[in-house]
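Q: Sharing a structure here in C-alpha cells format.
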Amino acid sequence: GPLQGSVFAIASNGTTLYVGGKFNQFVSTVFNGVALYDGTQWHPLPSATGVGVEGGDVQAIAVSGGFVYVGGSFVRAGGTEAKYIARYDGERWSAVGEVDGTVLSLAAAGGGLLFAGGTFLSAGGTFV
2 GPLQGSVFAI ASNGTTLYVG GKFNQFVSTV FNGVALYDGT QWHPLPSATG
52 VGVEGGDVQA IAVSGGFVYV GGSFVRAGGT EAKYIARYDG ERWSAVGEVD
102 GTVLSLAAAG GGLLFAGGTF LSAGGTFV
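Spelled out as C-alpha cells, the structure:
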C-alpha cells in the first residue's frame with residue numbers, strides 16, 4: 002500500500018528492509034515513523050507499551066546483532082522515554098545512552114559499537 006508521509010532512512014538486514022521517517026501509517030496499520038518490510042508486507046515495530054516513535058521523526062537507522070537502532074527528533078519509542086536515539090530488540094524499545102539533540106546519522110560496527118552524528122552537543126554527559 003501507499004506510504005503516507007516521508008522516508009528519511011533505510012537499512013537492511015538480510016531480506017528485511019527497515020525504513021524510518023515522518024509517517025504514521027501505511028494504509029490502515031499504525032507505524033509511527035518506523036517500519037519493516039519482509040519482502041511480502043509492511044510490519045510495525047511494536048512493544049507492549051506502544052508502536053514506533055512519538056514526538057518527532059526517525060532520521061537514521063542502523064541494524065546490528067539482532068537490534069534495530071533509530072535516531073531522530075523523537076522523545077519516546079514504543080511508549081518508553083528515549084530521547085533522540087533508541088534500540089528495538091524485536092519485542093521492546095529502550096533508550097540508548099543520552100544525547101541532547103537530534104540524531105541525523107547512525108553506523109553500527111562490530112563488538113556492539115554504535116556511532117551517532119547529529120545536532121547534539123553532548124553524549125553521555127560529555128561534550129563532543
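FYI, the numbering for the sequence shown is 2 to 129, going by this note's numbering.
Backbone N, C-alpha and C fix where the C-beta goes; we use that ideal spot for every residue, glycine too.
Between F9 and G51, what straight-line distance do the alpha-carbon atoms span, to the nearest angstrom?
A: Position 8 of the sequence shown holds residue 9. Position 50 of the sequence shown holds residue 51. Their Cα atoms are separated by approximately 21 Å.
Q: Taking only runs of the beta strand (DSSP E) that begin and end inside the region 81 to 113, which ones reach a length of at least 3 residues, in chain order?
A: List check, beta strand (DSSP E) in window: 86 to 89, 94 to 96 and 104 to 110.
Q: Taking the beta carbon of G73 as the centre, do at least 16 other beta carbons fall within 10 Å, making it buried, or is it exposed?
A: Translated into the one-based positions of the sequence shown, residue 73 becomes position 72. Classification for G73: buried.
Q: Taking the Cβ atom as the reference point for each residue, do L107 and G119 lie within a distance shorter than 7 Å?
A: The residue labelled residue 107 in the question sits at position 106 within the sequence shown. The residue labelled residue 119 in the question sits at position 118 within the sequence shown. No, the pair does not count as a contact, with Cβ atoms beyond the cut-off.
Q: When you compare the CB positions of L25 and N14, do they come within less than 7 Å of one another, or not?
A: As a working mapping, residue 25 is identified with position 24 in the sequence shown. As a working mapping, residue 14 is identified with position 13 in the sequence shown. Sequence inspection shows Asn at residue 25; the Leu mentioned does not correspond to that position. Result no, Cβ atoms of N25 and N14 do not sit closer than 7 Å.
Q: Where does the unbroken beta strand (DSSP E) through G1 begin, and where does it stop?
A: Nothing in the structure corresponds to residue 1, since the chain is present only between 2 and 129.
Q: Output yes or no for whether 7 Å exceeds the beta carbon distance between K23 and G6.
A: Position 22 of the sequence shown, counted from the start, is the residue given in the question as residue 23. Position 5 of the sequence shown, counted from the start, is the residue given in the question as residue 6. Yes, the Cβ-Cβ distance between K23 and G6 is below 7 Å.
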